[in-house]
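So the number in the working numbering is just where the residue sits in the sequence shown, counting from 1, plus 96.
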Amino acid sequence: METATPIKMTKEEIITLLRENLLEIIPELEGEAFSNDESLVDLGANSIDRAELIMLTLEGLNLNVPRTEFVGYLNINSLAGRFLEKIEAGA
97 METATPIKMT KEEIITLLRE NLLEIIPELE GEAFSNDESL VDLGANSIDR
147 AELIMLTLEG LNLNVPRTEF VGYLNINSLA GRFLEKIEAG A
């Protein structure tokens, strides 16, 4: 079985992808100004929403990493940093 190669992105590009995915999951945030450092919970994301955000982003980056690798990353900035680590590690 062939392993997929992760899509190389900068942290800023990953942040954009995360924000797009978050708006897909929580459309009520459309047009709202929110910081990348705001807690996803404070933005209205429940545990299922956060799991979906991670899953959509993993798919968008072509990464094959367990979602448990993202436990404790509670905002867009910290998630983007973790995704970048995984890309650079060639996950």
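We put the CB at the ideal spot given by N, CA and C, even for glycine.
Does the beta-carbon distance from residue i to residue j come in below 8 Å?
i                 : j              : result
leucine 159       : isoleucine 110 : no
aspartate 133     : asparagine 173 : yes
leucine 175       : leucine 125    : no
leucine 170       : leucine 136    : yes
proline 123       : glycine 186    : no
phenylalanine 130 : leucine 139    : yes
Given the structure, does residue i come close to the ligand PLP, in the sense that its CB is under 7 Å from one of the ligand's heavy atoms?
i           : result
alanine 185 : The ligand PLP is not part of this structure, which contains no ligands at all.
Quick one: using the 10 Å Cβ neighbour count with 16 as the cut-off for buried, is residue i buried or exposed?
i            : result
glutamate 98 : Caution applies to glutamate 98, whose pLDDT of 47 falls short of 50 and renders its modelled position unreliable; the model cannot decide the point.
In the structure shown, what three-state DSSP assignment does residue i receive?
i              : result
serine 143     : helix
serine 131     : coil
asparagine 160 : coil
Considering only residues of the same chain and omitting the five flanking positions on each side of residue i, which have a CB-CB separation below 7 Å?
i           : result
leucine 154 : Val161
lysine 104  : Ile183
Going along the chain, which residues of its own chain have a beta-carbon closer than 8 Å to the beta-carbon of residue i, five neighbours each way excluded?
i             : result
glutamate 165 : Arg178, Lys182
alanine 141   : Leu118, Ile121, Ile122, Leu149
arginine 163  : Ala147, Ile150, Met151, Leu154
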